[in-house]
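Asker: Residues in the sequence shown are numbered consecutively from 118, following this note's numbering.
In this text, a Cβ means the ideal position worked out from N, Cα and C, and glycines have one as well.
Keep in mind the model is a prediction, meaning the values are calculated, not measured.
One structure coming up, written as structure tokens, with questions to follow.
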Amino acid sequence: MIELERGSSAPACPVPDKRVVAEQAREAARLQDLLQRVAAGDKAAFAELYDATSTRVYGMVIRVLRNPAISEEATQEVYLQIWRSADSFDPQRGSALAWIMTLAHRRAIDRVRSEQSGADREALYGSRNRETDHDQVVESVIQQLESDAVVHCLDTLTETQRSTVRLAYYDGLTYREVAELLSTPLSTVKTRIRDGLSRLRTCLEVTSRE
Numbered sequence: 118m119i120e121l122e123r124g125s126s127a128p129a130c131p132v133p134d135k136r137v138v139a140e141q142a143r144e145a146a147r148l149q150d151l152l153q154r155v156a157a158g159d160k161a162a163f164a165e166l167y168d169a170t171s172t173r174v175y176g177m178v179i180r181v182l183r184n185p186a187i188s189e190e191a192t193q194e195v196y197l198q199i200w201r202s203a204d205s206f207d208p209q210r211g212s213a214l215a216w217i218m219t220l221a222h223r224r225a226i227d228r229v230r231s232e233q234s235g236a237d238r239e240a241l242y243g244s245r246n247r248e249t250d251h252d253q254v255v256e257s258v259i260q261q262l263e264s265d266a267v268v269h270c271l272d273t274l275t276e277t278q279r280s281t282v283r284l285a286y287y288d289g290l291t292y293r294e295v296a297e298l299l300s301t302p303l304s305t306v307k308t309r310i311r312d313g314l315s316r317l318r319t320c321l322e323v324t325s326r327e
């Protein structure tokens, strides 16, 4: 710790499991309280917040950077940013976890840009151009990670999509760790998550219009 399978259309969202919703709400309230205490300069709350979220933050960062050393540095930068700007968190705009994970995703993208230069950057982004829309999907889902709508829409995924998305975005595992845990090829895990996130976004768009 630092100092100081592909769906064809979007089905209607089912009724959520009330126990899951209640558990998500309790966790969201706890993290919001911690973050607001951090904004007041509470170091103990900062340590508790770090312990509660750092695995998920690191998982998000390494999925973008794919380099453990750089990912560890970027994760520390995220928490420095949290310490310095916790007072900018607005609970009216989303949950504490969503705010933290959005910071992590953006920090990781910034580090990609700063770590690459000239031809290297061009080559990297040439290979990542096809992932631009995916990054936007990730951020749109992250921003609503603990909302009732996401809980509803998770139930529209296939079982394999839902399990991989939960492991990656709720449990904070890297794609490789998910693949090892499920004894599934890494390429398959990536496809499941990509398709699952795309399906989630479609469901969320439908839900927002209802």
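1) Would you tell me roughly how many angstroms separate the C-alpha atoms of R311 and M177, rounded to the nearest one?
2) Thinking L220 and Q198 are a contact (beta carbons under 8 Å), I'd like their distance in whole angstroms, please.
3) In whole angstroms, give me the CA-to-CA distance for E190 and R210.
4) Quick one: using the 10 Å Cβ neighbour count with 16 as the cut-off for buried, is T172 buried or exposed?
5) Helix or strand or just coil, what does DSSP make of I310?
6) Quick check on DSSP: helix, strand or coil for G158?
7) What first and last residue would you give for the alpha helix (DSSP H) that runs through P185?
8) Check for me: the alpha helix (DSSP H) holding Q278 runs from which residue to which?
Answerer: So, to answer that:
1) Along the sequence shown, read from residue 1 onward, the residue named residue 311 stands at position 194. Along the sequence shown, read from residue 1 onward, the residue named residue 177 stands at position 60. Each residue's alpha carbon lies about 14 Å from the other.
2) Your numbering for residue 220 matches position 103 in the sequence shown. Your numbering for residue 198 matches position 81 in the sequence shown. Going by Cβ atoms, the distance from L220 to Q198 rounds to 6 Å, so yes, they are a contact pair.
3) Numbered from its first residue, the sequence shown carries residue 190 at position 73. Numbered from its first residue, the sequence shown carries residue 210 at position 93. For E190 and R210, the distance between alpha carbons rounds to 28 Å.
4) For the purposes of this step, residue 172 is taken as the residue at position 55 of the sequence shown. The residue in question, T172, is exposed, as its Cβ has fewer than 16 Cβ neighbours within 10 Å.
5) Indexing the sequence shown from 1 puts residue 310 at position 193. Three-state DSSP puts I310 in a helix.
6) Here residue 158 refers to the residue found at position 41 of the sequence shown. Residue state, collapsed to three classes: coil.
7) Residue numbering aside, residue 185 sits at position 68 when the sequence shown is read from its first letter. Its alpha helix (DSSP H) spans residues P185 to S202.
8) Your numbering for residue 278 matches position 161 in the sequence shown. Its alpha helix (DSSP H) spans residues E276 to Y286.
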